[in-house]
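K.L.:
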Amino acid sequence: MSMQEEVKREQEKLMDNATIFDILKMEHKDIKKLCRQIADSGRYQDNVFNDIKTAFAIHMAGEERYLYSRLENNAETRFLVLGAYEEHDLCRKIISDIDKSSDMDIKYAKAKVLGETIDMHVKVEEDNLFKRARHVLSDEDEREIARQFMAEKMQSLSGMAAEATSAPAM
Ligand SMILES: [Fe+2]
Ligand SMILES: [Fe+2]
113 MSMQEEVKRE
123 QEKLMDNATI
133 FDILKMEHKD
143 IKKLCRQIAD
153 SGRYQDNVFN
163 DIKTAFAIHM
173 AGEERYLYSR
183 LENNAETRFL
193 VLGAYEEHDL
203 CRKIISDIDK
213 SSDMDIKYAK
223 AKVLGETIDM
233 HVKVEEDNLF
243 KRARHVLSDE
253 DEREIARQFM
263 AEKMQSLSGM
273 AAEATSAPAM
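The sequence shown begins at 113 in my numbering and counts up one residue at a time.
Structure follows, in structure tokens:
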């Protein structure tokens, strides 16, 4: 699924009053699918990796800014959130290592570990963090955070599109 199709589906969901958890779970599914695509193919694929990198960077930034920030000072969610920040940093480190390496076997090995790390992180979010977060946030909060998250995502994607068109031709 292209990034545009994905955004369209999420926006339709927003219209039916999605919570931030509905949106994040949809993104988890898409990102995990992309990771599996590399792992199953048996080789590194730059285009798939770039899709993961873009989608997951926006996903993590949005979670941190609009969701984690609301949960990190609540005793019920604090340690799960602090752990989740660490897992995000770990993913960013692996992503930057993949970018830096020019050895295709190393890139493939690291991309597989990135997929496993994302699987683990997403499982903790869905099974533990989101469940507890539901006690901390009101229904209205959950819908408001979804709208903020999507507005930011749209802005990041249009910023990237503008950058791509203004980049000098190679
Ligand atoms: Fe996350
Ligand atoms: Fe997530």
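Quick reminder that beta carbons are idealized off the backbone N, C-alpha and C, glycines included. As the structure is a computational prediction, the values presented were derived from the model and not from experiment.
Please confirm whether any heavy atom of ligand 2 lies closer than 8 Å to the CB of Leu136.
P.N.:
Indeed, a heavy atom of ligand 2 lies less than 8 Å from the Cβ.
K.L.:
Just the Cα atoms here: how many angstroms apart are Ala187 and Asp217?
P.N.:
The alpha-carbon atoms of Ala187 and Asp217 are separated by roughly 43 Å.
K.L.:
Could you name the residues, in chain order, whose CB is less than 6 Å away from a heavy atom belonging to ligand 1?
P.N.:
The answer, residue by residue, is Met172, Glu175, Ala196, His200, His233 and Glu237.
K.L.:
Could you compute how far the alpha carbon of Phe161 sits from the alpha carbon of Asn129?
P.N.:
Phe161 and Asn129: Cα-Cα distance of roughly 31 Å.
K.L.:
Would Ala258 be called buried (16 or more neighbouring beta carbons within 10 Å of its own) or exposed?
P.N.:
So Ala258 ends up on the buried side.
K.L.:
Leaving aside the five residues before and after Lys137 along the sequence, list all residues of the same chain whose C-beta is less than 7 Å from its C-beta, in chain order.
P.N.:
Excluding sequence neighbours, Lys137 sits near Glu238.
K.L.:
Pairs of beta-carbons, one from the stretch 171-178 and one from the stretch 218-231, closer than 8 Å: are there three or more?
P.N.:
Touching, no, given that fewer than three Cβ pairs across the two stretches are closer than 8 Å.
K.L.:
For Glu252, which option in Arg155, Asp209 and Phe133 has the closest C-alpha, if you only look at C-alpha atoms?
P.N.:
Of the candidates Arg155, Asp209 and Phe133, the one whose C-alpha sits nearest the C-alpha of Glu252 is Phe133.
K.L.:
Near Ala170, which residues of its chain fall below 6 Å by C-beta distance, leaving aside the five closest residues on each side in sequence?
P.N.:
Position check: residue 170 holds Ile in this sequence, whereas Ala was assumed. Same-chain partners within the cutoff: Lys265 and Ser268.
K.L.:
Of the residues Lys145, Lys144, Ala151 and Asp163, which one's Cα is nearest the Cα of Gln116?
P.N.:
Closest by alpha carbon: Asp163.
K.L.:
Taking only three categories from DSSP, how would you classify Leu136?
P.N.:
Leu136: helix per DSSP, three-state reduction.
K.L.:
Going by CA-CA distance only, name the one from Gln123, Lys141 and Lys120 that's closest to Ile230.
P.N.:
Considering only alpha carbons, the answer is Lys141.
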